[in-house]
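In the order they appear, the protein sequences are chains A and B.
Everything in the first sequence is counted per the numbering used here, starting at 421 for the first residue and increasing by one.
Everything in the second sequence is counted per the numbering used here, starting at -1 for the first residue and increasing by one.
For each residue, glycine too, the CB sits at the ideal point set by N, CA and C.
Everything numeric in this text was worked out from a predicted model, so none of it was measured.
Reviewing the structure listed below.
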Amino acid sequence: MPRQKQEGPTRQLYAAIREDLYLAAKTKSTELRIPLREFLERAIELALDRDARPVSMQQTSGRTIWNDEYIVMQADQPIGSPVELTDEEARAIAKDAFGNR
Amino acid sequence: MPELALLDESVLVQYMAGDDGARMLIDKLLAGEVSLALTASTALHLWSHHVSDRKAEIHMSAMIRFIEQIPLTGDLAKIAGSIQARNRPGVSDEHEEIRLAELKAVNAATALETGMPIYSRDVDWYEGLGCQALSY
């Protein structure tokens, strides 16, 4: 999966955290279709209260189906590669196909 | 569960081309108000003639996901072959019209065998064979 470029300086963080928290965070980031790194950054922002909004609100505002990281990732694959879509994604893409050719 | 209806290749082709009638039908499909099917032959034609890049492939995958696909059986091939032989366009074998006529023959055979109505813009042709044809 191609990584999104990060703007500005970054620091690496190594920490052994509780397994249940790690698994819950991993599950939630997968559900939101964002990298675990981005999920953790947002969680830290929320904890620090820096103009933070819930992750789910940030994810849905002003986005189209073709902005979805997983859809972009699939669109970057060569023709003939598997296409894996949820029902909701397939419905949005099917609507987007109207007048597209 | 809505009654299953067949569609010919023109529905998705015209939907992608921005046809309002096709849009109304596909919107109903996506809303679960109608159930649609297409033959494996139609799917083959769509994949081979209307998917030229990755985005088109994802679009087609998304649309076809909601449409039941009907396999071509030996019995259907026999009936379709008979229809095609009786309605063969007067052009050479390489002509695109021959391939489209084969598709229509498979659609007609499937509609006749299953009793499904078929959505098409070529209503007269299908009705001439005894199919229940629906325009869109």
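Whole angstroms are fine: how far does the CA of residue j sit from the CA of residue i?
i	j	result
P115/B	A103/B	14 Å
A15/B	F518/A	7 Å
Q12/B	A20/B	6 Å
A75/B	H57/B	29 Å
L42/B	A60/B	16 Å
L4/B	D507/A	21 Å
P87/B	R97/B	10 Å
R119/B	W45/B	20 Å
E509/A	S501/A	17 Å
L452/A	V89/B	55 Å
V492/A	L456/A	17 Å
A29/B	Q67/B	19 Å
Q497/A	S50/B	14 Å
K448/A	Q494/A	21 Å
S33/B	M22/B	13 Å
G72/B	I81/B	14 Å
E94/B	T430/A	58 Å
Q478/A	R521/A	Note that Q478/A has pLDDT 45, beneath the 50 cutoff, so the model's placement of it is unreliable and the number below is only indicative. So the alpha carbons of these two residues sit roughly 31 Å apart.
T112/B	L466/A	58 Å
K26/B	G128/B	26 Å
With DSSP as the reference, identify every bridge partner of residue i, one or two as the case may be.
i	result
L34/B	A3/B and I65/B
Do residue i and residue j have their C-beta atoms within less than 8 Å of each other?
i	j	result
R63/B	L441/A	no
V503/A	E7/B	no
L70/B	A38/B	yes
R52/B	I499/A	yes
A35/B	I65/B	yes
Y134/B	V9/B	yes
E117/B	L132/B	Going by the sequence as given, residue 117/B is Tyr instead of Glu. Yes, Cβ-Cβ distance for Y117/B and L132/B is below 8 Å.
T40/B	N105/B	yes
A107/B	A78/B	yes
A445/A	L460/A	yes
E489/A	I464/A	no
According to DSSP, is residue i part of a helix, a strand, or is it coil?
i	result
L441/A	helix
L132/B	strand
I116/B	strand
Q526/A	With chain A covering 421 to 521 only, the question about residue 526/A has no answer from this structure.
M421/A	Low local confidence applies: a pLDDT of 44 at M421/A is under 50, so the model's placement there is unreliable, and no value is given.
Y434/A	coil
T484/A	coil
T506/A	coil
L127/B	coil
H48/B	coil
N105/B	helix
H43/B	helix
I454/A	coil
E92/B	coil
F459/A	helix
Next on the checklist: Output needed in chain order: residues of the segment 60 to 79 of chain B with a Cβ under 8 Å from some Cβ in chain A.
Outcome noted: For the segment 60 to 79 of chain B, which is checked against every Cβ of chain A, the residues closer than 8 Å are A60, M61, R63 and F64.
Checklist entry - What residues in the segment 500 to 511 of chain A have a beta carbon less than 7 Å from any beta carbon of chain B? => result Of all residues in the segment 500 to 511 of chain A, V503, L505, A510 and R511 have a Cβ within less than 7 Å of some Cβ in chain B.
Item to check | Contacting positions in the segment 28 to 53 of chain B - beta carbon closer than 8 Å to chain A | outcome: With the criterion set as a beta carbon lying under 8 Å from some beta carbon of chain A, the members of the segment 28 to 53 of chain B are L28, H48, V49, D51, R52 and K53, in sequence order.
Next on the checklist: Residues of the segment 2 to 16 of chain B in Cβ contact with chain A at a cutoff of 9 Å, in chain order, please.
Outcome noted: Correct list: L10, V11, Y13, M14, A15 and G16.
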